[in-house]
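Q: Just so we're on the same page, the numbering used here is the position in the sequence shown counted from 1, plus 5.
Have a look at this one before I ask anything.
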Amino acid sequence: MIDKIRLRGREFWLLRDDLLGEFNGNKARKLEYFLKADLSGIKAIVSHGSSQSNAMYSLSLFAKLKGLKFYYVVSHLSSNLEQDPVGNFKFALENGMEIFVKEEREKFAKELAKSKNALFINEGVAQSEAELGFITQANEINEWSKKSGIRPDIFLPSGTGTSACYLAKHTDLRVFTAPCVGDSDYLKKQIY
């Protein structure tokens, strides 16, 4: 669904991925491949990232929906958050996430995935399988653009840049992004 809003005298069109259902947002797009995949041989998912990551929460929900264990590795966890979980961390724990704190989180997560015969998911779901969801999203936007006669520029925030890259690859509309984790140099390293 695309809604038109007016802000400070300008019109904007919002793609409402928050209305996709229980599993929504850009992480639902990133996980579309895995939602459709046969995971019958998989018993667990392992990933890593920050302690308030949107991907962490989405993966915890995905694992719960699929009946899988979910192991997540962070490099640090504040004592405040450990004692009083809030936000994405709290909800991921409620979904059954098991947390590990290791300085070399990616290395540990990969080793853990091997030892558990689990599916390893990169930080932020920044991997090739994520492309499928953005093909779907680009098709929706392209179809809307064609029907409405409007050729908008697309703006979205980026952590790893995965969403912006795959969306730009599958639409002829201009795609702009802004880093929300780190600065533009960090974002460029993630993309290239």
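No residue lacks a Cβ here, since even glycine has one placed at the ideal position from N, Cα and C.
Residue 49 and residue 75: beta carbons closer than 8 Å?
A: To locate residue 49, count along the sequence shown from 1; it is residue 44. To locate residue 75, count along the sequence shown from 1; it is residue 70. Yes, the Cβ-Cβ distance between residue 49 and residue 75 is below 8 Å.
Q: Quick check on residue 61: buried or exposed, where buried means 16 or more other Cβ atoms within 10 Å of its Cβ?
A: By 1-based counting over the sequence shown, the position of residue 61 is 56. Counting Cβ neighbours within 10 Å, residue 61 comes out buried, since at least 16 surround it.
Q: If you reduce the DSSP assignment to three classes, tell me which class residue 159 lands in.
A: To locate residue 159, count along the sequence shown from 1; it is residue 154. In the structure shown, residue 159 sits in a strand (DSSP, three-state: E or B).
Q: Please classify residue 110: does DSSP put it in a helix, a strand, or coil?
A: Residue mapping note: residue 110 aligns to position 105 of the sequence shown, counting from 1. Residue 110 falls in the helix class under three-state DSSP.
Q: Check this for me: beta carbons of residue 34 and residue 23, under 8 Å apart or not?
A: Against the sequence shown, residue 34 aligns to sequence position 29. Against the sequence shown, residue 23 aligns to sequence position 18. It is not a contact, given that the beta carbons lie outside the stated cut-off.
Q: Residue range of the beta strand (DSSP E) that residue 176 falls in?
A: The residue you call residue 176 lines up with position 171 of the sequence shown. Per DSSP, residue 176 belongs to no beta strand (DSSP E) and is neither H nor E.
Q: Is residue 79 closer than 8 Å to residue 110 when the C-beta atoms are compared?
A: On the sequence shown, position 105 is the one that residue 110 refers to. On the sequence shown, position 74 is the one that residue 79 refers to. Yes, the pair counts as a contact, with Cβ atoms nearer than the cut-off.
Q: What residues are listed by DSSP as bridge partners for residue 52?
A: Position 47 of the sequence shown, counted from the first residue, corresponds to residue 52. Paired residues: 77.
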